[in-house]
Each structure stands twice: as C-alpha cells, then as structure tokens.
Amino acid sequence: MNVTGNAVRQGLSRGGTELRQVLSNGQDLGSNLVWLIGLLAPIYFLRDNMLAGTDVSVAAFVLPSLLSMCIGFNGLLNLAQQLVVEREDGTLLRLKALPHGMVSYLIGKVLLVAGMVLVAWVAVLGAGALLVDGLHLGEARRWLTLLWLLPLGLLAMLPLGAVFGSLIESPRSIGLVMLPVFALATVSGIFHPIAGFPTWLQIVAQAFPLYWLGLAARSALLPESALAAEIGESWRHWETVVALGGWAVLGMLAAPVVLRLMARRESGSTMAARRDRALRRRAA
1 MNVTGNAVRQ
11 GLSRGGTELR
21 QVLSNGQDLG
31 SNLVWLIGLL
41 APIYFLRDNM
51 LAGTDVSVAA
61 FVLPSLLSMC
71 IGFNGLLNLA
81 QQLVVEREDG
91 TLLRLKALPH
101 GMVSYLIGKV
111 LLVAGMVLVA
121 WVAVLGAGAL
131 LVDGLHLGEA
141 RRWLTLLWLL
151 PLGLLAMLPL
161 GAVFGSLIES
171 PRSIGLVMLP
181 VFALATVSGI
191 FHPIAGFPTW
201 LQIVAQAFPL
211 YWLGLAARSA
221 LLPESALAAE
231 IGESWRHWET
241 VVALGGWAVL
251 GMLAAPVVLR
261 LMARRESGST
271 MAARRDRALR
281 RRAA
C-alpha cells in the first residue's frame, strides 16, 4: 500500500511539474493551443451565417464542438504522442525499473493532459464569449453539464490514447492516427449537424465518443431551439453518459493490458535497435 501511495504521489508531483513547465513556457503553451487559434479564427467570419432550420449561427454551433475536440485530441493524440516519444528516448525503460514506475508515469501524464484540456476550455469559452452571440453561459445547469462532461470525456479518451501510444512504433507514425481522427471529427458533427447525413453514417458517428462529447457540449452552451438540428431533437444526456461510460470502461480494461505488453517488450537491446535504425535513416 505504501509503495502504491508513493507511486501516486510521485505521479501527481511529476504531472504538476510538467504542467507548470508547459504553462510557464510561452513556446510550449503556444504549440499546444495553436491549432485552437487556427479553428477559432474562421468562427468569427461565420458568426452571421445561420444554421439551416434554427435561429443559431454556424459559429455558435461549432464553438461547443471545439470543446469536444479539446478533450478528444488532447486525450487521444497528445497522450499517444508523448508515450511514443518517451518510449523512443528511453524514459519508459528507466521508469520500468522502478517500483510502480509506469503507474506514476501514467498518473503524471493524465494530470498534464487534463490540465491542458482545462486551459484549452478556458481559451475556447473566453473566445466564445467575445466573438459569438447566442451562447447561453449564464445558467447554472449548463455549467453543471460541463462539469460532468470534462471528467467523463477524459475517462473515455485517455485510455484510448494510452492504447494507441503503446501500439505505435515511432513518432513518425503519429500521422497514421491523426488522419483517421480528423476524418472521424468530420463525420461526428463537429463542423456540421449529422441529422442530415445518411442513416448508415449517423450510426457510424454515434458509435464513437467524439460525437457524444460534441452533443453534450452543445447541450451546455446552445439554446433549446438548436435541438432542431440534432438527431431526435433531443440532447440525450443519459445516452451520452452510457456511451462515454462504455468507452471509458472498455479503455480502462484494454489500456493496462496493452501497456504491460509494451513495457515487457522494452529493453536495452530494443532501444539500441531503434537508435541504429534512426541513425541509418539519417545517413540515407
């Protein structure tokens, strides 16, 4: 119990230190938020375009979806990328030799990613309050929705990020994950309601957590008139909890198994082999 407690404390300390480093370094903070800035800029120009069949602007519809992208992209891609890079440079091999070293490492990464998601949310909500009309930010129930969405969304996405990070062989392969994730964002109603999509595509979109993250975020920030653009004209909160909870359970069952298999494969010889391959590629 004492060893486990020490691992948790070390993980929290590690995550807190890494989060402070990112927040205090303008370059690191900018690199984590630059994609948001790129997506927020077009929102300003869409603020006068109305969503068909509603009195909600396209900008107001897209802005809550950016909150879901903050969770989805940071939880999945950011964690996966960090796992791949730090496996490549030997960090995970060193931690493997410590009692519960991988546990403390993952706790630290979860804290870091959760902190960055919270910073991104503040940036999105702040920009939304300034740039977009039609958001409903003054009701307590809407903030309560955001409060349960953030931890549940992270629980659904972070284990998936750990799984992908364990399976990807090198940092150069991250793009193989990014492309399908961006494609999934497109069909998940991030930029356009999926109610008008073919039925088979609606089913595909609802099978993945990103759609439910976006739906819950829209329910928190948009007026009831926006329901005209949603499937069944309902926010479906209970379905959202079940869907995200199911992905969280699935991820938490799969992630420890995949991480243990990845840790067993790590050794000095595998590190040396990766270094040799990297040197040959540079030489070529």
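Taking UniProt numbering, the leading residue of the sequence shown gets 1, the next gets one more, and so forth.
Heads up, the beta-carbon is just placed ideally off N, CA and C, and yes, glycines get one too.
- When DSSP reads this structure, Met102 sits in no beta bridge, so it has no partner.
- Annotation note: the region 56-123 contains the following uninterrupted alpha helix (DSSP H) runs of length 4 or greater, listed N- to C-terminal: 58-73, 79-88 and 91-96.
- Counted as a single uninterrupted DSSP element, the stretch harbouring Asp48 is not any alpha helix (DSSP H), since DSSP gives it neither H nor E.
- With a cut-off of 8 Å on Cβ pairs, the region 137-147 is not in contact with the region 57-66, counting fewer than three such pairs.
- The DSSP assignment places complete alpha helix (DSSP H) segments of no fewer than 4 residues inside the region 195-249 at 199-206 and 209-221, in order along the chain.
- Around the beta carbon of Phe164, 16 or more other beta carbons lie within 10 angstroms, which makes this residue buried.
- About 5 Å separates the CB atoms of Gly72 and Leu210; that is less than 8 Å, so the two are in contact.
- Assigned with DSSP and collapsed to three states, Glu18 falls in helix.
- Listed in chain order, the non-local C-beta contacts of Ser225 below 8 Å within the same chain comprise Thr54, Asp55 and Val56, local neighbours out to five positions each way being set aside.
- For Met50, the CB contacts under 8 Å within the same chain, skipping 5 residues up- and downstream, are Val56, Ser57 and Val58 in chain order.
- Of the residues assessed, Asn25 falls on the exposed side of the cut-off, its CB having fewer than 16 other CB atoms within 10 angstroms.
- Per the coordinates, the alpha-carbon of Gly153 lies some 30 Å from the alpha-carbon of Leu98.
- A direct Cα-Cα distance of roughly 6 Å separates Val8 from Ser104.
- For Pro193, the secondary structure class from DSSP, reduced to helix, strand or coil, is coil.
- Sequence-distant partners of Thr4 (beyond 5 residues in either direction) whose C-beta falls short of 8 Å from its own C-beta, in its chain, are His100 and Val103.
- Judged by pairs of C-beta atoms under 8 Å, the region 86-94 does not touch the region 130-142, as fewer than three such pairs exist.
- Apart from the 5 residues on each side of it in sequence, Cys70 sits with its Cβ closer than 8 Å to the Cβ of Leu36, Val117, Ala120, Trp121 and Val124 in its chain, given in chain order.
- Looking from the CA of Leu160, the closest CA among Leu253, Ala52 and Ser65 belongs to Leu253.
- Contact check for Gln81 and Pro171: beta-carbon distance about 7 Å, within the 8 Å limit, so the pair qualifies.
- Under the three-state reduction of DSSP, Gly134 is assigned to coil, being neither helix nor strand.
- C-alpha of Leu111 to C-alpha of Gly75: approximately 11 Å in a straight line.
- The Cβ-Cβ distance between Glu230 and Leu215 falls below 8 Å.
- In this structure Ile43 is buried. Its beta-carbon is surrounded by 16 or more other beta-carbon atoms within 10 angstroms.
- Ser68 is positioned such that its CB atom lies no closer than 8 Å to that of Ala162.
- Taking the CA atoms as reference points, Leu158 sits about 13 Å from Gly115.
- Looking at Leu40, Ala263 and Ala255, the one whose alpha-carbon comes closest to that of Gly126 is Leu40.
- Beyond the five residues adjoining it in sequence on each side, Leu259 comes within less than 7 Å, by CB distance, of Met102, Ala162 and Ser166 in the same chain, given in chain order.
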